[in-house]
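K.L.:
To convert, count from 1 in the sequence shown and add 160; that's our numbering.
Cβ coordinates follow ideal geometry from the N, Cα and C atoms, glycine included.
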Amino acid sequence: MRSFLLALATSATVLATGVTPVAASEYRYCLQGEEFAGTGDCSFTNYQQCQATASGRMAYCAANPDFATVPTIRVRPHHR
Numbered sequence: 161m162r163s164f165l166l167a168l169a170t171s172a173t174v175l176a177t178g179v180t181p182v183a184a185s186e187y188r189y190c191l192q193g194e195e196f197a198g199t200g201d202c203s204f205t206n207y208q209q210c211q212a213t214a215s216g217r218m219a220y221c222a223a224n225p226d227f228a229t230v231p232t233i234r235v236r237p238h239h240r
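In C-alpha cells form, the structure reads like this:
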C-alpha cells in the first residue's frame, strides 16, 4: 500500500510539472549560432524580435522545430 501511494504521488507530481506541447512551442523562432547548443534560444514570437537579437552577433534565426510539429486543427466544411 505504501509503494502504491508513493507511485501515485510521484505520478501526480510529474503530471503537474510537465510541459505541454503547446506551451513548449509558443515561440515560432529560434536564435541559433556557435554560442547556442541544440535548437538554440527559442524565445521569440516573431522573426523581427529574433533578428534584432541576432544583429551584431554570429547568430541567425530559424523556425522553431517544435512549433512546426504541433498539429493544426482543421475544420471540415459542412455540406448542406
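(1) Less than 9 Å separating the beta-carbons of Cys202 and Tyr187?
(2) What would DSSP say about Tyr207, mapped onto helix, strand or coil?
(3) Tell me which residues share the same chain as Tyr189 and place their Cβ nearer than 8 Å to its Cβ, disregarding the 5 neighbours each side in the sequence.
(4) Within the same chain, show all residues whose beta-carbon is closer than 8 Å to that of Met218, passing over the 5 residues directly before and after it, in chain order.
(5) Taking the straight line between their C-alpha atoms, what separation do you get for Phe227 and Thr213?
(6) Compute the distance between the beta-carbons of Leu191 and Gly198, then report whether it is under 9 Å.
P.N.:
Well, looking at it:
(1) yes
(2) helix
(3) Cys202, Phe204, Thr205, Asn206, Tyr207, Gln209, Cys210, Cys221, Ala222, Ala223 and Asn224
(4) Gly193, Glu194 and Glu195
(5) 20 Å
(6) no
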